[in-house]
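Protein chains: 2
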Amino acid sequence: MTPQASHSNPFAQVAETDADPLGRIGVRMPFAAGEEIYAQDEEADMVYRVVSGAVRTTRLLSDGRRQIGDFYYPGDLFGLESGTEHRFSAEALGDAVVMVIKRSALSHYGDDGLRMERLIWSATARELQRTQEHLMLLGCKSACEKVAAFLLDIADRAKGELAVLAMGRQDMADYLGMTIETVCRMLRQLQDDGLVEFKGSRRFQLKQRAALSRLVVV
Amino acid sequence: MTPQASHSNPFAQVAETDADPLGRIGVRMPFAAGEEIYAQDEEADMVYRVVSGAVRTTRLLSDGRRQIGDFYYPGDLFGLESGTEHRFSAEALGDAVVMVIKRSALSHYGDDGLRMERLIWSATARELQRTQEHLMLLGCKSACEKVAAFLLDIADRAKGELAVLAMGRQDMADYLGMTIETVCRMLRQLQDDGLVEFKGSRRFQLKQRAALSRLVVV
DNA sequence: CGTTTCTTTGAATCCGGTCAAGGTCCGTGG
DNA sequence: CCACGGACCTTGACCGGATTCAAAGAAACG
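Dropping the structure here:
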């Protein structure tokens with residue numbers, strides 16, 4: 070496992086002193102499993118970057134229904150989903166380390182600050198794209214297609230190796246807009262059809278990538 | 070009906086020579102009902118602003134399923150949903166007039182160009198927020214709640230007056246991630262419960278705003 | 001007006017949700 | 001090392017909300 074920034078493995082670490090200005094600007098903060106990184110409706114002047122572990126953004130409706138916005142892995146920027154205040158909260162999925170940058174302080178960092186600003190904007194644009202993809206998933210896809218798409222997305226980060234889910238079934242369900250039971254049932258179905266194989270509840274391998282991605286209409 | 074930029078009325082016009090730089094930069098283009106403004110997967114160097122009429126952004130899956138990203142009304146910027154190429158296409162809902170700005174040409178416009186750049190970024194941030202709101206709707210809400218939320222959103226633009234739907238039932242359905250039949254049934258239910266009143270299929274008035282917004286959990 | 005397109009309604013069906021039990025994994029302490 | 005407890009995961013049976021299929025009505029258009 071290299072110390073370089075890598076989207077491929079949820080457990081990889083990001084180098085903190087490479088060319089990337091975010092490696093030097095900001096404060097390193099560790100979070101325990103499940104701990105809140107920022108709250109829904111909190112003022113949003115910070116930007117965050119996953120160093121190790123994984124992070125989810127979630128939003129709760131007043132009656133307890135929950136939607137997960139996205140999952141973030143080492144190297145990913147998060148917390149930019151807003152103009153003034155966060156619509157989602159962010160929590161560490163397991164133990165995680167996060168770099169925190171005060172956005173309004175970026176001007177003090179000269180060139181690095183500028184590069185950081187640019188990084189933030191491009192990350193915001195990517196965020197928008199991912200959210201739109203998520204929209205398609207929630208609006209158009211069946212339970213089976215949702216789960217297939219989710220597994221493909223995870224597996225693609227893990228480049229062929231055994232992929233590891235950083236989140237539990239409830240988080241998957243809340244991300245996909247369905248119940249935990251249906252997630253289980255779809256996982257079973259995909260396994261029975263021989264498209265994926267689970268070793269325990271969090272490790273899996275694609276068995277028939279082509280067939281799986283045929284399920285995921287684009 | 071004032072000639073000022075106004076989110077409140079889908080048929081309002083935006084002044085083209087006010088303080089807003091977009092009034093002067095860019096080219097005015099009329100589109101016929103249903104006409105495509107830009108295509109899915111098209112290169113995205115343009116920014117657009119609704120002058121009159123209304124616009125929808127849509128994305129088609131290869132098997133014909135359709136998701137509507139959002140609806141845009143006079144004064145709204147659209148077409149910024151991307152880094153490099155459009156994930157959604159845009160079409161005029163009825164006859165519409167749109168200002169088109171070449172993004173890469175903004176640097177030639179001095180101050181106005183800069184102000185425009187800033188406008189674009191803040192519109193992108195707002196776009197992200199709206200998309201996240203849409204995500205909650207698709208992921209968490211029942212058919213009835215979806216329709217109620219949709220009507221409230223429209224009615225709020227129309228400040229108390231008789232609200233006018235710029236889109237047909239199919240567009241509503243594709244925006245809300247449900248079928249046209251279910252949309253009709255929910256509309257009937259809301260009417261039977263006395264929460265809204267339709268005059269024809271496109272004009273309606275809120276009858277019990279409080280009760281309706283109680284349906285829309287936040 | 002006649003024709004086409006859009007909207008509404010009804011009946012039957014099905015996918016996913018709900019409710020209820022077991023099962024599995026893991027950490028803790030005896 | 002094993003027994004216990006709790007959190008998480010899985011499965012089954014049933015239910016119900018939303019879709020599908022079909023057809024009638026209403027509105028828009030030439």
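So the sequence lines, in the order shown, correspond to chains D and U.
Everything in the first sequence is counted per this note's numbering, starting at 70 for the first residue and increasing by one.
Everything in the second sequence is counted per this note's numbering, starting at 70 for the first residue and increasing by one.
Heads up, the beta-carbon is just placed ideally off N, CA and C, and yes, glycines get one too.
Quick caveat: nothing in here was measured; it's all calculated off a predicted structure.
**Item:** chain U residues whose Cβ lies nearer than 7 Å to that of H203/D
**Value:** L204
**Asked** Are the beta-carbon atoms of L275/D and V286/D separated by less than 8 Å?
**Response** no
**Request:** Identify whether Y178/D lies in helix, strand or coil by the three-state DSSP scheme.
**Result:** helix
**Asked** The beta strand (DSSP E) with A159/U in it runs from where to where?
**Response** S158 to A161
**Request:** Determine, using beta-carbon pairs with one atom in the stretch 247 to 264 of chain D and one in the stretch 179 to 192 of chain D, whether at least three such pairs fall under 8 Å.
**Result:** no
**Prompt:** What beta strand (DSSP E) runs, 3 residues minimum, are completely inside the stretch 196 to 258 of chain D?
**Reply:** none
**Prompt:** Closest by CA to R226/D, which one among Y142/D, K215/D and Y244/D?
**Reply:** Y142/D
**Supposed close pair A57/D, F140/D - CB separation, criterion 8 Å** = This structure gives no information on residue 57/D, because the portion of chain D shown stretches from 70 to 287.
**Message:** List, in chain order, every chain U residue whose beta-carbon is nearer than 7 Å to that of S131/D.
**Reply:** V286 and V287
**Message:** Contact defined as beta carbons within less than 8 Å: I believe M236/U pairs with R172/U. What is the distance between those atoms, to the nearest angstrom?
**Reply:** Actually they do not touch by this definition, with Cβ atoms about 27 Å apart.
**Item:** Identity of the residue in T153/U, M247/U, L281/U and H177/U nearest G263/U by Cα
**Value:** L281/U
**Message:** Any C-beta of chain U within less than 7 Å: which residues of the stretch 208 to 242 of chain D qualify?
**Reply:** G208 and C209
**Asked** Of all Cβ atoms in chain U, is any one closer than 8 Å to the Cβ of F109/D?
**Response** Going by the sequence as given, residue 109/D is Gln instead of Phe. No, its Cβ sits nowhere closer than 8 Å to a Cβ of chain U.
**Item:** Per-residue contacts from G293/D into chain U (C-beta, under 8 Å)
**Value:** The question about residue 293/D has no answer, for chain D in this structure spans 70 to 287.
**Request:** Could you spell out where the alpha helix (DSSP H) holding L284/D opens and where it closes?
**Result:** R278 to L284
**Asked** What are the partner residues of T126/D, as DSSP defines its beta bridges?
**Response** D139/D and A159/D
**Item:** Candidates E154/D, G144/D and R93/D, of which the one nearest Y107/D by Cα
**Value:** E154/D
**Request:** Tell me M98/U's beta-bridge partners as DSSP assigns them.
**Result:** V167/U
**Request:** Could you confirm whether any beta carbon from chain U is found closer than 8 Å to the beta carbon of R272/D?
**Result:** no
**Asked** Since A218/U contacts K210/U with CB under 8 Å, what's their CB separation in whole angstroms?
**Response** 7 Å
**Message:** Can you list, in chain order, the residues of its chain with a C-beta nearer than 6 Å to that of E112/U? Leave out the 5 residues immediately preceding and following it.
**Reply:** E154
**Prompt:** Just the Cα atoms here: how many angstroms apart are T251/U and A212/U?
**Reply:** 7 Å
**Request:** Within the same chain, show all residues whose beta-carbon is closer than 6 Å to that of N78/D, passing over the 5 residues directly before and after it, in chain order.
**Result:** The predicted position of N78/D is uncertain, since its pLDDT is 44 and thus under 50; no value can be drawn from it.
**Asked** Which of helix, strand or coil does DSSP assign to R172/U?
**Response** helix
**Bounding residues of the beta strand (DSSP E) (the contiguous stretch that carries E266/D)** = V265 to K268
**Item:** CB contact flag (Q136/D, M205/U, <8 Å)
**Value:** yes
**Message:** Cutting at 6 Å between CB atoms, please list the residues of its own chain near L188/U, excluding the five before and the five after it.
**Reply:** none
**Message:** Can you tell me whether L275/U is helix, strand or coil according to DSSP?
**Reply:** strand
**Request:** Report the rounded CA-to-CA distance for L146/D versus A242/D, giving the unit in angstroms.
**Result:** 23 Å
**Prompt:** In terms of residues, what are the limits of the beta strand (DSSP E) holding R118/D?
**Reply:** M115 to S121
**Message:** List, in chain order, every chain D residue whose beta-carbon is nearer than 7 Å to that of R125/U.
**Reply:** Chain D residues near R125/U: none, gap ~14 Å exceeds 7 Å.
**Prompt:** With 16 other CB atoms within 10 Å as the buried threshold, where does G148/D fall?
**Reply:** buried
**Asked** Which residue's Cα is closest to the Cα of S121/D: P99/D, D110/D and G138/D?
**Response** P99/D
**Request:** Could you check the C-alpha separation between A101/D and I94/U for me, to the nearest Å?
**Result:** 51 Å
**Request:** Could you list which residues in chain U have their beta carbon closer than 9 Å to that of T200/D, in chain order?
**Result:** L197, T200, Q201, H203 and L204
**Residues near E186/U in its chain [Cβ-Cβ closer than 7 Å; skip 5 each side]** = L175
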